[in-house]
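Engineer:
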Amino acid sequence: MIQSMTGFGKAFVQLPTKKITVEIKSLNSKGLDLNTRFPSVYREMELGIRNKIAQNLQRGKIDFSLFIEITGEETSSKLNIPIIKGYIHQMKEVVGQADETELMKMAVRMPDALKTERDEVDETEWHQIEAVIHEALQNICNFRISEGKSLENEFLLRIENIRRLMNEASSYDGERVETVKTKLRTALEELKTTIDENRFEQELIFYLEKYDTTEEKVRLNNHLNYFIETMNSTDANGRKLGFIAQEMGREINTLGSKANHAEMQKLVVMMKDELEKIKEQVLNVL
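For what it's worth, UniProt numbering labels the leading residue of the sequence shown as 1, then goes sequentially.
Given below as structure tokens:
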């Protein structure tokens with residue numbers, strides 16, 4: 001079963017004084033490109049979470065965000081009372097007696113009047129947040145699986161289209177032989193020379209071998225089957241499917257170079273178009 005690298009997962013938990021929301025977005029990428037956004041209070045937990053994301057999502061351009069929304073009376077900023085008193089005392093020395101309310105308003109705007117205390121991560125709270133992160137990861141994995149099913153249907157359609165076009169191209173094999181045979185005989189007749197029919201047949205067979213596409217069709221058919229087999233296996237991945245698609249392209253190109261027939265060339269072009277659609281979507285496979 002294949003999975004898409006594109007996905008989105010979201011989960012949240014309501015704690016006594018805050019709401020924690022986790023969002024994970026993923027797009028296709030050659031490797032793991034992970035960007036995380038953490039509040040400073042949980043920064044020490046970032047490395048462990050990055051490892052967990054990497055294990056679950058493996059590849060893709062991934063954006064992880066953890067948001068805090070304060071819903072209760074909680075603040076980490078407090079008045080730095082000794083500093084504020086010091087400012088007020090200095091201002092009194094400058095201006096003499098003055099309205100202390102006005103001095104207070106001025107003092108709290110001065111540098112270091114507020115101090116931010118770094119909260120320690122509560123273990124119970126962090127366990128709840130880890131559960132939310134796990135839920136968001138499950139949601140994005142389910143999203144990827146769902147998108148993978150859509151990709152699978154797309155691949156099956158394109159594979160069968162290529163197979164149908166290949167079989168249709170085979171219907172021109174007899175016509176190609178007669179066309180080559182007619183061209184050779186016409187050319188010999190124009191030379192107005194007597195020919196040995198046995199020798200002519202031998203040369204014709206040798207000439208037609210250059211245009212025989214049986215091996216290419218057999219190999220292409222095998223590649224089509226292998227693509228489906230790999231897609232349905234437990235170790236399916238985009239890189240492997242991409243390599244198989246490249247091999248399919250080689251056989252289709254060889255068919256085109258050997259076609260020597262206008263209608264068959266048109267079918268080869270259509271096969272290439274179907275293959276390009278496969279290659280585009282393979283880039284989204286995990």
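Quick reminder that beta carbons are idealized off the backbone N, C-alpha and C, glycines included.
Between which residues of its own chain and residue 346 is the CB-CB distance below 6 Å, once the five residues before and five after are set aside?
Structural biologist: There is no way to answer for residue 346, as the model of the chain reaches only from 1 to 286.
Engineer: Glu135 to Leu32, Cα distance in whole Å?
Structural biologist: Going by the C-alpha atoms only, they are around 21 Å apart.
Engineer: Kindly indicate which residue of Val108, Ala236, His89, Glu178 has the alpha-carbon position closest to the one of Leu79.
Structural biologist: It is Val108.
Engineer: Buried or exposed: where does Ala259 fall if 16 or more other Cβ atoms within 10 Å of its Cβ makes it buried?
Structural biologist: Classification of Ala259: buried, given that the 10 Å Cβ count is 16 or more.
Engineer: Roughly how many angstroms lie between the CA atoms of Glu251 and Glu215, to the nearest whole one?
Structural biologist: Approximately 9 Å between the Cα atoms of the pair.
Engineer: At which residues does the beta strand (DSSP E) containing Arg37 begin and terminate?
Structural biologist: Looking at the DSSP string, the run of the beta strand (DSSP E) that includes Arg37 is 32-37.
Engineer: Please state whether the Cβ-Cβ distance between Met1 and Gly238 is less than 9 Å.
Structural biologist: No, Cβ-Cβ distance for Met1 and Gly238 is not below 9 Å.
Engineer: Where does Gly60 fall in DSSP's three states?
Structural biologist: Strand at Gly60.
Engineer: Between Met104, Thr213, Gly60, Tyr42, which has its C-alpha nearest Lys30's C-alpha?
Structural biologist: For the residues Met104, Thr213, Gly60, Tyr42, the minimum Cα distance to Lys30 belongs to Gly60.
Engineer: For Val285, which of helix, strand or coil comes out of DSSP?
Structural biologist: Here Val285 sits in strand by DSSP.
Engineer: Exposed or buried, what is Thr213 when buried is set at 16 or more other beta-carbons lying within 10 Å of its beta-carbon?
Structural biologist: The residue is buried, with at least 16 neighbouring Cβ atoms inside 10 Å.
Engineer: If you measure between the beta carbons of Leu34 and Thr6, is that distance less than 9 Å?
Structural biologist: No, the Cβ-Cβ distance between Leu34 and Thr6 is not below 9 Å.
Engineer: Taking Leu264 as the reference, which of Gln97, Leu47, Met166 has the closest Cα?
Structural biologist: The displayed chain sequence assigns Met, not Leu, to residue 264. Among Gln97, Leu47, Met166, the Cα nearest to that of Met264 is on Met166.
Engineer: Taking the alpha carbon of Arg163 as the point to measure from, which residue in Glu175, Leu57, Tyr226, Arg176 has its own alpha carbon closest?
Structural biologist: The shortest C-alpha separation from Arg163 is found at Tyr226.
Engineer: With distances taken Cα to Cα, identify the nearest neighbour of Phe64 among Ile159, Thr21, Gln90, Met104.
Structural biologist: Checking every option, the nearest Cα to that of Phe64 belongs to Thr21.
Engineer: Name the one or two DSSP bridge partners that Gly9 has.
Structural biologist: In the DSSP output, where bridge partners are listed per residue, Gly9 has Ile24.
Engineer: What residues match up with Gln14 in a beta bridge as DSSP calls it?
Structural biologist: DSSP output for Gln14 lists Lys19 as bridge partner(s).
Engineer: Which term fits His223, buried or exposed, when burial requires 16 or more other beta carbons within 10 angstroms of its beta carbon?
Structural biologist: It is buried - the Cβ of His223 has at least 16 other Cβ atoms within 10 Å.
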